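This report refers to the structure that appears directly beneath it.
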Amino acid sequence: MESSKWIAAVASIWIQCSCGASYAFGIYSPVLKSSQGYDQSTLDTISVFKDIGANAGIISGLLYAAVCRRRRRHAPPSSLSGPWVVHGAGAVQCFVGYFFLWLAVTGAIPRPHVGVTCLFMFLAAHAQTFFNTANVVTAVQNFPDYSGTIVGLMKGFLGLSGAVLIQVYQTLFAGKPSTFLLMLAFVPTLLSLVLMFFVRVHHVQSRGDEKKYLNGFSLISVILAAYLMFLIIIGNIFALSQWIRVLTLVVLLVLLSSPIKIAVEANKDDLQIAPSTLKTPLVEENLSVVENKAAVLDVGFEEMNLLQAMRTLNFWLLFTAMLCGMGSGLATINNISQIGESLGYTSRERSTLVSLWSIWNFLGRLGAGYISDIFMHNKGWGRPLFMVLTLATMTGGHVIIGSGFPGNLYVGSVLVGICYGSQWSLMPTITSEIFGVLHMGTIFNTIAIASPLGSYLLSVRVIGYIYDKEGSGMGNSCSGAHCFMLSFFILACVSLFGFFVALVLFVNTRGVYAGIVRRRMLS
113 MESSKWIAAV ASIWIQCSCG ASYAFGIYSP VLKSSQGYDQ STLDTISVFK DIGANAGIIS
173 GLLYAAVCRR RRRHAPPSSL SGPWVVHGAG AVQCFVGYFF LWLAVTGAIP RPHVGVTCLF
233 MFLAAHAQTF FNTANVVTAV QNFPDYSGTI VGLMKGFLGL SGAVLIQVYQ TLFAGKPSTF
293 LLMLAFVPTL LSLVLMFFVR VHHVQSRGDE KKYLNGFSLI SVILAAYLMF LIIIGNIFAL
353 SQWIRVLTLV VLLVLLSSPI KIAVEANKDD LQIAPSTLKT PLVEENLSVV ENKAAVLDVG
413 FEEMNLLQAM RTLNFWLLFT AMLCGMGSGL ATINNISQIG ESLGYTSRER STLVSLWSIW
473 NFLGRLGAGY ISDIFMHNKG WGRPLFMVLT LATMTGGHVI IGSGFPGNLY VGSVLVGICY
533 GSQWSLMPTI TSEIFGVLHM GTIFNTIAIA SPLGSYLLSV RVIGYIYDKE GSGMGNSCSG
593 AHCFMLSFFI LACVSLFGFF VALVLFVNTR GVYAGIVRRR MLS
């Protein structure tokens, strides 16, 4: 199959759908705990290393910048340059991490020290940052005019990957969580090794309607999310027979394969328009004039590396806004089951809330990128404005959760989940627009550290501390709305502070986005 940016997008989507195994930690953590004789505190420590690995992607960003510099953009895929190197590094870590966890759980190797298990868990989760960086940064370079939409797609499919992997597990290996670890060692690794050479940067202006085909990808992702939500709800209500599970898995695989049809149609569209474009000298001359104008506008636009970006106010404004938004959002999902228990929700209701979080997260990732692109193209609005709006909405979501009225978790988790997901598509896109694409992977992965940092501060130092204080006279357990009310009012204040920080970022970058709009009008 001939390589193109559309084929690259499909390959990236498929890799993203397989590499979010860190979201499925709850499936194999019980067998890891029982087989190794860990207590809950030790398991929580391993979980922390998982979170650090899944968010500390600075190395993947540095590697991408080193092997994908623009001066090497014409290098053949067999040379030691290009996104495939980053995918390869991720594949090695994924296999080593999960395979050795499987060996430990099955007793094939002597029981490792806790520190070694933490290392295996870190490597397994760290692989996700390599896959994600290679796919997201390459996609932004291939679709610069619709960077919000394409980042939303990549982040959205990553958000759905946990639900996809769990559906495969429940169909093929239900009741065998140790085998699930072996599956996680092979599936993402083999898929990335097979597809990584298709994920390439194509510095070619699309001749067809990019928006039309990107909308097609978006529609497929929404259908996939709706289907997964249906499976989650049905699975929590009914006990499905094996043949029904196999049938639902076949439908899932058909949906996952459907993006290739859109890529083929997009390639045909480009090829049909290409001959008339190439045979018209006047068009070539006009294109040359446009490129010259765009080059003039690019004068003064600097591609910053990490250290240069960290010397700017915009970097720290973006980091602080994400510390408040991502941190409070992650703290919410980490404690949502415990909140439900305190408020008297049944076990099934709590399980449904946790499962549906991935769907709200996905809708935020896809929707924020897509909608912000529409308003940038039609109104010229700077993308940080949507960060302002989502943080304001997240503040309301925290207040609703803290209020404790009947059904509050259903409403609050939808608002917080969508707004939390929005940050994950807005932040990388804003990073590329303010600091440039060349070192985008390094910079946005550095800013992403705000997520586990904020979650630790708010989960342990705020929610955990207040919960233990409220339940100190009840055997370290707490029932009632008062258990989390103060905590979530504090989280609301934190996200409100993030709202004001994002507002300053929006005002501070108006000139940057005015230049982006002018460049896109001439490109």
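For the sequence shown, this note's numbering gives the first residue as 113, with consecutive numbering after it.
Ideal placement from N, C-alpha and C gives every residue a C-beta, glycine not left out.
Here the structure is a predicted model, which is why all the values come from computation and not from measurement.
Pull up the distance between the alpha-carbon of residue i and that of residue j, whole angstroms please.
i, j, result
"Gly169", "Thr154", "24 angstroms"
"Ile602", "Gly328", "41 angstroms"
"Pro222", "Ala216", "7 angstroms"
"Pro564", "Arg460", "28 angstroms"
"Val402", "Leu634", "Residue placement at Val402 cannot be trusted, given a pLDDT of 43 that sits under 50; the coordinates are not used to answer."
"Ala620", "Ala246", "Residue identity differs from the one stated: residue 620 is Asn in this sequence, not Ala. Taking the straight line joining both Cα atoms gives about 29 angstroms."
"Ser515", "Ala443", "17 angstroms"
"Pro189", "Tyr532", "Caution is warranted here: a pLDDT of 49 is assigned to Pro189, below 50, making its placement in the model unreliable, and the coordinate value is therefore given only provisionally. When rounded, the distance between both Cα atoms is 36 angstroms."
"Val263", "Gly583", "43 angstroms"
"Pro289", "Ala251", "34 angstroms"
"Ser537", "Ala375", "22 angstroms"
"Gly553", "Tyr140", "30 angstroms"
"Asp156", "Asp580", "17 angstroms"
"Val616", "Ile546", "14 angstroms"
"Ala201", "Val511", "43 angstroms"
"Cys590", "Ile332", "43 angstroms"
"Ile127", "Asn426", "32 angstroms"
"Phe556", "Thr464", "32 angstroms"
"Ser73", "Val362", "Absent from the model: residue 73. The displayed extent of the chain is 113 to 635, so no value can be given."
"Asn490", "Gly138", "43 angstroms"
"Tyr258", "Lys117", "13 angstroms"
"Phe207", "Phe232", "10 angstroms"
"Ala337", "Tyr577", "36 angstroms"
"Leu302", "Asn417", "32 angstroms"
"Ala406", "Glu415", "Residue placement at Ala406 is flagged as unreliable, the pLDDT there being 45, under the threshold of 50; a coordinate-derived value is accordingly withheld."
"Ser330", "Ser115", "21 angstroms"
"Tyr568", "Asn167", "13 angstroms"
"His551", "Gln535", "19 angstroms"
"Gly227", "Gly623", "49 angstroms"
Smallest Cα separation from residue i: which of the options?
i, options, result
"Pro224", "Val198, Leu144 and Thr291", "Leu144"
"Ser147", "Thr218, Trp196 and Gln128", "Thr218"
"Gly481", "Pro256, Ile171 and Ile561", "Pro256"
"Pro518", "Ala593, Val572, Asn447 and Thr464", "Ala593"
"Phe298", "Phe309, Ile372 and Tyr210", "Tyr210"
"Thr424", "Thr543, Met266, Cys590 and Cys131", "Thr543"
"Glu377", "Lys324, Ser172 and Ile171", "Lys324"
"Pro195", "Ile372, Thr229, Phe310 and Ala275", "Phe310"
"Leu340", "Val276, Met308, Leu305 and Cys436", "Val276"
"Ile628", "Ile335, Ala166 and Met488", "Met488"
"Gly165", "Gly452, Asn244 and Arg630", "Asn244"
"Ser571", "Leu343, Ile119, Gly287 and Asn446", "Asn446"
"His315", "Asn254, Ile349 and Pro371", "Asn254"
"Glu322", "Met266, Ile344 and Asn379", "Asn379"
"Gln450", "Val248, Ile575 and Val249", "Ile575"
"Gly452", "Cys595, Ile486 and Thr541", "Cys595"
"Ile448", "Lys491, Val208, Phe600 and Leu383", "Phe600"
"Ala121", "Ile578, Lys162, Leu383 and Leu307", "Leu307"
"Arg632", "Val526, Asp485, Ala338 and Ala123", "Asp485"
"Thr541", "Ile335, Val248 and Ser124", "Val248"
"Trp472", "Met539, Gly271 and Arg573", "Gly271"
Would you check if the distance between the CB atom of residue i and the CB atom of residue j is smaller than 8 angstroms?
i, j, result
"Val198", "Tyr176", "yes"
"Gly566", "Met422", "no"
"Ile530", "Leu475", "yes"
"Arg477", "Gly268", "yes"
"Val613", "Leu429", "yes"
"Val549", "Gly441", "no"
"Val179", "Ser193", "yes"
"Phe618", "Leu497", "yes"
"Gln240", "Gly132", "yes"
"Met681", "Ala351", "This structure gives no information on residue 681, because the portion of the chain shown stretches from 113 to 635."
"Tyr625", "Gly456", "no"
"Tyr150", "Ser273", "no"
"Thr432", "Leu326", "no"
"Cys129", "Leu364", "no"
"Phe161", "Phe234", "yes"
"Ile125", "Pro371", "yes"
"Leu213", "Ala236", "yes"
Could you tell me whether any Cβ in chain C is nearer than 8 angstroms to the Cβ of residue i?
i, result
"Trp214", "Going by chain labels, chain C is absent from the structure shown, which holds only one protein chain."
Alpha helix (DSSP H) segments (min. 4 residues) lying fully within the segment 254–302: 259–284
Could you give the uninterrupted runs of the beta strand (DSSP E) lying entirely in the segment 191–219, keeping only those of 3 residues or more? none
Taking contact to mean 3 or more Cβ pairs, one atom from each stretch, closer than 8 angstroms, check whether the segment 517–533 and the segment 468–487 are in contact. yes
Using 8 angstroms as the cut-off, can you tell me whether the segment 495–505 makes contact with the segment 275–287, which would need three or more C-beta pairs spanning the two stretches below that distance? no
Please confirm if the segment 290–304 is in contact with the segment 347–360, defined as three or more CB-CB distances below 8 angstroms between the two stretches. Per the Cβ contact rule, the segment 290–304 is not in contact with the segment 347–360 (fewer than 3 Cβ pairs under 8 angstroms).
Are three or more beta carbon pairs between the segment 597–612 and the segment 504–513 nearer than 8 angstroms? yes
Within the segment 508–558, note down every full alpha helix (DSSP H) run reaching 4 residues or more, in order along the chain. 520–547
Runs of 4 residues minimum, wholly inside the segment 296–365: which ones carry the alpha helix (DSSP H) assignment? 322–349
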